Amino acid sequence: MSRIEVVSPQTATGEAKQLLDAVQSKLGATPNFIRALATSPAALQGFLGLYHIAENGALDAKTRERIALSVAEQNACQYCVSAHTAIGRKAGLDNAEILANRNATSSDAKAGAALSFARALVKNMGEVTKAEFDAVRSAGHSDGEIMEIISHVALNIFTNLIGKATQIEIDFPRVELKQAA
């Protein structure tokens, strides 16, 4: 059971209502994660701003979802693993790739390098080695893409913290975690 009462889009008012309506219009749904963030319109606005920046960068949707899956599994956030499994499928990831991504690997070498780098960022709170940095660059990631990988990791840590701390009810097909954090 959720530790925080989520905001109903039907009864929301003011800025929360406007933001929830915008999410509903864009996604065709209003996930519980967004409804929980709406308890603070400022927090929801901040998340949506970061999300907007992240989705409009150089990294493709598959790579963004791969990072989200890897970080969620590493941080043992079942809500986020469940959500990004569903979203990843819509982005074109198959079941084998999703499982690989949750282990920070990929059938795509460039994406795999991004996931290895993302895993190192989380594990070491950003203190990556020169070799780890050089490896992601050698795999073909530009400095801009590396900055986006870092940004996606930060964004996903944020969502993992919210999902775990609030124990939001999972409103996607439930996916069991492979490991405990």
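In the working numbering, the protein residues as written are 6 to 186. Think of the CB as a built atom: it goes at the ideal place given N, C-alpha and C, for glycine as much as any other residue. Since the structure is predicted, the reported quantities are computational estimates derived from the model, not experimental observations.
Q) In the stretch 105-185, which residue ranges form an unbroken beta strand (DSSP E) of at least 3 residues, counting only runs that do not cross its ends? A) none
Q. Helix, strand or coil: how does DSSP classify residue 10 here?
A. Here residue 10 refers to the residue found at position 5 when the sequence shown is read from its first residue. Correct three-state label for residue 10: coil.
Q: Count the other C-beta atoms from every protein chain shown that fall within 10 angstroms of the C-beta of residue 150, then say buried if there are 16 or more, exposed otherwise.
A: In the sequence shown, residue 150 corresponds to position 145, counting from 1. Residue 150 is buried by the Cβ-count criterion.
Q) In terms of residue numbering, what span does the alpha helix (DSSP H) encompassing residue 82 cover? A) In the sequence shown, the residue the question calls residue 82 occupies position 77. Element bounds for residue 82: n/a, residue is neither H nor E.
Q. Which whole-angstrom value is the C-beta distance of residue 46 and residue 77, which I expect to be below 8 Å?
A. To locate residue 46, count along the sequence shown from 1; it is residue 41. To locate residue 77, count along the sequence shown from 1; it is residue 72. 25 Å between Cβ atoms; not a contact.
Q: Report buried or exposed for residue 16, applying the criterion of at least 16 other Cβ atoms within 10 angstroms of its Cβ.
A: Stepping through the sequence shown from its first residue, residue 16 is reached at position 11. Burial call: exposed.
(Q) Please report the straight-line C-alpha distance between residue 43 and residue 12, rounded to a whole angstrom. (A) Working through the sequence shown from its first residue, we reach residue 43 at position 38. Working through the sequence shown from its first residue, we reach residue 12 at position 7. Near 6 Å, if we compare the C-alpha coordinates of residue 12 and residue 43.
Q) Under the rule that 16 or more other beta-carbon atoms within 10 Å means buried, what is residue 109, buried or exposed? A) Within the sequence shown, numbered from 1, the residue matching residue 109 stands at position 104. It counts as buried.
**Q.** Contacts around residue 133, its chain only, beta-carbon distance under 8 Å, and the 5 residues preceding and following it disregarded
**A.** For the purposes of this step, residue 133 is taken as the residue at position 128 of the sequence shown. Answer for residue 133: 122, 125, 126, listed in chain order.
Q: Please report the Cβ distance between residue 172 and residue 8, rounded to the nearest whole angstrom; I am assuming they are in contact, meaning their Cβ atoms lie under 8 Å.
A: Position 167 of the sequence shown, counting from 1, holds the residue named residue 172. Position 3 of the sequence shown, counting from 1, holds the residue named residue 8. Indeed, because the Cβ distance is near 5 Å, the residues count as touching under 8 Å.
Q: Could you tell me which of 138, 118, 163, 33 sits nearest to residue 49, measuring between CA atoms?
A: If you number the sequence shown from 1, residue 49 lands on position 44. Closest option to residue 49, Cα to Cα, is 163.
Q: Tell me, to the nearest whole angstrom, how far the beta carbon of residue 84 is from that of residue 160; I am working on the premise that it is less than 8 Å.
A: To locate residue 84, count along the sequence shown from 1; it is residue 79. To locate residue 160, count along the sequence shown from 1; it is residue 155. With 8 Å as the limit, residue 84 and residue 160 do not qualify as a contact, their Cβ atoms being about 15 Å apart.
Q) How big is the Cα-Cα spacing for residue 186 and residue 89? A) Looking up residue 186 in the sequence shown gives position 181. Looking up residue 89 in the sequence shown gives position 84. With a pLDDT of 46 at residue 186, under the threshold of 50, the predicted position of this residue should be treated as unreliable, and no value is reported.
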